[in-house]
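Chains as they are written, first to last, in my numbering: chain L, 103 to 558; chain Y, 103 to 558.
2 protein chains.
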Amino acid sequence: MAQKPSIPKGTRDFSPEEVARRQYIFGIIRKNFELYGYMPIETPSFENSETLMGKYGEEGDRLIFKILNSGDYLSKANEEYLTAKDSLRLTASISEKALRYDLTVPFARYVVQHQNDIVFPFKRYQIQPVWRADRPQNGRFREFYQCDADVVGSKSLWQEVELVQLYDAVFSELGLEGVTIKINNRKILSGIAEVIGAKDKLIDFTVALDKLDKIGEDGVKKEMLEKGISASAIEKVQPLFHFSGTVNEKLAKLSQMLSASEEGRKGIEELGFICQNITQLGLAKCTLDLDVTLARGLNYYTGAILEVAAPESVKMGSIGGGGRYDDLTGIFGLKDVSGVGISFGLDRIYLVLEQLDLFPEAVASSTTAIFFNFGESEAQYAMKAIQQLRTAGIKTELFPENVKMDKQFKYADRRNIPFAVMAGTSEIEQGKYQLKNLKSGQQELLDLENLKKALS
Amino acid sequence: MAQKPSIPKGTRDFSPEEVARRQYIFGIIRKNFELYGYMPIETPSFENSETLMGKYGEEGDRLIFKILNSGDYLSKANEEYLTAKDSLRLTASISEKALRYDLTVPFARYVVQHQNDIVFPFKRYQIQPVWRADRPQNGRFREFYQCDADVVGSKSLWQEVELVQLYDAVFSELGLEGVTIKINNRKILSGIAEVIGAKDKLIDFTVALDKLDKIGEDGVKKEMLEKGISASAIEKVQPLFHFSGTVNEKLAKLSQMLSASEEGRKGIEELGFICQNITQLGLAKCTLDLDVTLARGLNYYTGAILEVAAPESVKMGSIGGGGRYDDLTGIFGLKDVSGVGISFGLDRIYLVLEQLDLFPEAVASSTTAIFFNFGESEAQYAMKAIQQLRTAGIKTELFPENVKMDKQFKYADRRNIPFAVMAGTSEIEQGKYQLKNLKSGQQELLDLENLKKALS
């Protein structure tokens, strides 16, 4: 009968301390989203399969969790695929719903479905879990939260400026030093491919270039050659392999390199606007850097591309990313809605804060004071005080059983509760309470008003 | 290509205003849970099927959403059931995971799995969605949130006292008048069944009694007779059909009626302790009432049974419920862990607050001030102020495009933004800002410091 309980691989239980720390991060993200005018929406955990399927490529389709139809699902199963035991093809006939894979496609669906109620430009944020049947590994889970802010219906580059500021606001409030916000632009990558005569090989070119910090200059060049990009073309982009300097210096170098490409010039102009305004306005703790190798799902982005790198000391890689896309809602029939958005990687941010010991101590604090239990009438006396302390916003508990003191002390200790309150016959007679600081051992006899003050 | 987008039946999209209102309710529930010493945990959205199946009865099993195994799931499908097209039996061989159906079973699983890390008594709360393949209908959804607080590992009746107080604290803070917290005790129902000689018919008896306010005295008696409860037995419980008076009067009547039943007397003692202490401590806005017909999943509860009735004016029925159970974790092999818990019905509470117009206006407020856009250099001037206002915690936006004023006004109006800030050439020269109250039409010329003050 009794089972040894466990949870599915790639999923997690969160303890009170972990929930509190996650809520701390969510809280700062949410607060800043709202300060920047983004408004929350929520969408269902599962969508109709046709909403999700075909939106993430073949690999994505495979990683979407499908929900089995309820009831006698086999009665509607496709006979041919059932007989052939063709799992892949059978699925559509026995599963109509699937768990969301990201927040972007449901957002696009939401915008199209509610387009008549939405005021554009529509700035929305969404903090909800997503599910992927990925192979679980270090830091990769089958259920995890995404925190996205997007604005659709505006082509203004001020949106990009604000999103850079928003990243800076969140990471600064989290106390993170040394975060780099990397920026690039799809049009610059297109321009480069154009001037080297490899316009038809844009994807191959950028995929290779994106690997620069992993496989080095020689590796990238080798891959480009293999993909059919000529040696002379590669020669033309030689400066990219040692692309250093300030953002302005980099923009100047790109201007030279891309003077012949209209698209390239447009990309430089866009990047210039964003970088110049960010410089003017200043960032609190983050650094903005132009990273010409940054590509991130190039098929998707049409303008700015953003990625946030954790402080170098923690070896965590990207803790956020985003960019501009010009036709998010087209898949659902609403054309020409330009959008730009960013995402925060909650799990990695958590690990970074943990590694750097940046969670404030108060975050994980539970109850402030526990009243020890000396019996029924003492508990009644305690409960009257507890009621008033709670009304005053002080987290308070009564130890529920009248057991030996050492057991009650041990409980307070294991729960990390900083104060104990004791009131036996003599305190009750005086209308007072013994307040004990469980760390220092200090003890004070106080009336209710002063007890309230001491615990506030 | 383009699909008309929709969402699965029984699920919902939540607009920014709805999310804000839901967060308002969650916030008050969460705050009070923590004031009472409950700590948050979270469990995965899906569990291993064997964790959930068989825990909610046959009907429950049917309503659990099953997740299709990834990859070539048919390769492991049971041949016999596949050939027989036996959907029900096949499921276990093609689905290993299922969406959680409630928060109680995952909590029990959590307690057993983490028993060595948990300090008992363990007071946990959990606010997460659950999924049920129920027929969607008015106010019943396939995805909905549960908000549960439970304490396990303590038999102290102070827990029940506190849970009544907790209900009162939450509903009072939500501004709800006229809420009734109904209380009963399984032992009293057992005692009644015992003294009327229908101990073996406890379930039939209570199921019938529970219908009193729906089918009336005659209906209940008829059902009891049909279930084989004798007329003379029914005669003995005649007082229950018109059971009125104060809690103390009701307890006195029950004491008489149940004097011959040890279990009944125990139930009265327990109820007496809870009611007496609640009377002593007082409730802010709710009323505690003893409802001897209250049964709520009797198989589950072993002591106190609680249910919260919405104010009579709104015809909503139960907006919360709970009770004590003595062997929650037994199904996972951990015996003798007594627990007691309560749950808040978020969706119904939302409807009640909406109907009574009790959501504070501020809850749904979005951005406080929007800066109109008069062109690039004006926008740069605006952005410097916006940055400072946001740092001061004021929700501020820049209208992203330099378009005609009426379009910007219309946007502010539709977004319900109360203030607009305008700064053109002349304001910039003076280093000032025009602040316009969009409701009154009043306008003021202010420097940044005073703008900040005016918007705080």
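The beta-carbon is built from N, C-alpha and C at its ideal position, and this holds for glycine as well.
query: Hey, would you say Thr282/L sits closer than 9 angstroms to Thr389/L, going by beta carbons?; result: yes
query: At the 9 angstroms Cβ level, is Gly543/Y part of the contact set with chain L, yes or no?; result: no
query: Taking 9 angstroms as the threshold (C-beta atoms), are Val253/L and Lys225/L in contact?; result: yes
query: Check each residue of the region 371 to 384 of chain L: if its Cβ is closer than 9 angstroms to any Cβ of chain Y, include it; give the result in chain order.; result: Phe375, Asn379, Gln382, Leu383, Gly384
query: Look at the Cβ atom of Gln248/L, then the Cβ atom of Glu144/L, and state whether they are nearer than 9 angstroms.; result: no
query: Look at the alpha carbon of Thr193/L and the alpha carbon of Val505/Y, and state the distance between them as a whole number of angstroms.; result: 50 angstroms
query: Can you find a C-beta in chain L that's less than 9 angstroms from the C-beta of Arg450/Y?; result: no
query: Counting only C-beta atoms, is Tyr403/Y closer than 9 angstroms to chain L at any point?; result: no
query: Please classify Leu460/Y as buried or exposed, where buried requires at least 16 other C-beta atoms within 10 Å of its C-beta.; result: exposed
query: Roughly how many angstroms lie between the CA atoms of Ile60/L and Lys417/L, to the nearest whole one?; result: Lying outside 103 to 558, the shown extent of chain L, residue 60/L is not represented and no answer is given.
query: Identify the continuous alpha helix (DSSP H) that holds Pro118/Y and give its terminal residues.; result: 118 to 137
query: For the region 416 to 429 of chain Y, which residues have a beta carbon sitting closer than 7 angstroms to at least one beta carbon of chain L?; result: none
query: Which word fits Ile407/Y, buried or exposed, when buried means at least 16 other C-beta atoms lie within 10 angstroms of its C-beta?; result: buried
query: Measuring straight from C-alpha to C-alpha, what distance separates Pro413/Y and Glu279/Y?; result: 7 angstroms
query: With 16 other CB atoms within 10 Å as the buried threshold, where does Ser479/L fall?; result: exposed
query: Check whether the region 281 to 299 of chain Y touches the region 369 to 381 of chain Y, taking contact to mean three or more Cβ pairs, one atom from each stretch, closer than 8 angstroms.; result: yes
query: State buried or exposed for Gln340/L, treating a residue as buried only when at least 16 other CB atoms are found within 10 Å of its CB.; result: exposed
query: Measuring only the C-alpha atoms, how far is Ala310/Y from Ser274/Y?; result: 33 angstroms
query: Could you tell me if Gly405/L is buried or exposed, where buried requires 16 or more neighbouring beta carbons within 10 angstroms of its beta carbon?; result: buried
query: Here's the rule I'm using: 16 or more other beta-carbon atoms within 10 Å means buried, otherwise exposed. How should Pro462/L be labelled?; result: exposed
query: Would you kindly report the start and end of the unbroken beta strand (DSSP E) that includes Ser420/L?; result: 420 to 427
query: Using a Cβ cut-off of 7 angstroms, pull out every chain L residue sitting near Arg211/Y, in sequence order please.; result: Pro107
query: When you compare the CB of Gln482/L with every CB in chain Y, is at least one pair closer than 9 angstroms?; result: yes
query: Are at least three pairs of beta-carbons, each pair with one atom in the region 175 to 191 of chain L and one in the region 183 to 201 of chain Y, less than 8 angstroms apart?; result: yes
query: For Ser177/Y, would you say it is in contact with chain L, using Cβ-to-Cβ distances shorter than 9 angstroms as the test?; result: yes
query: Pull up the distance between the alpha-carbon of Glu181/Y and that of Phe209/Y, whole angstroms please.; result: 35 angstroms
query: Using a Cβ-Cβ cut-off of 9 angstroms, state whether Asn150/L counts as contacting chain Y.; result: yes
query: By how many angstroms is the C-alpha of Leu201/L removed from the C-alpha of Thr308/L?; result: 32 angstroms
query: Tell me the DSSP bridge mates of Ile472/L?; result: Glu499/L, Ala522/L
query: Quick one: complete alpha helix (DSSP H) runs, 4+ long, within the region 149 to 198 of chain L?; result: 151 to 154, 159 to 165, 181 to 185, 189 to 196
query: Do Phe476/L and Glu514/L have their beta-carbon atoms positioned less than 9 angstroms apart in this structure?; result: With the sequence shown as reference, residue 514/L is identified as Ala, and Glu is not the correct amino acid for it. Going by C-beta atoms, Ala514/L is not nearer than 9 angstroms to Phe476/L.
query: Between which two residues does the beta strand (DSSP E) holding Leu342/L run?; result: Element bounds for Leu342/L: n/a, residue is neither H nor E.
query: Roughly how many angstroms separate the alpha carbons of Leu500/L and Lys497/Y, rounded to a whole number?; result: 40 angstroms
query: Look up Asn286/L in the DSSP assignment and say whether it is helix, strand or coil.; result: strand
query: Measure from the alpha carbon of Arg426/L to the alpha carbon of each residue in Ala411/L, Gly399/L, Tyr452/L, Gln489/L, then state which is nearest.; result: Gly399/L
query: So, with DSSP's three-state summary, where would you put Gly293/L?; result: helix
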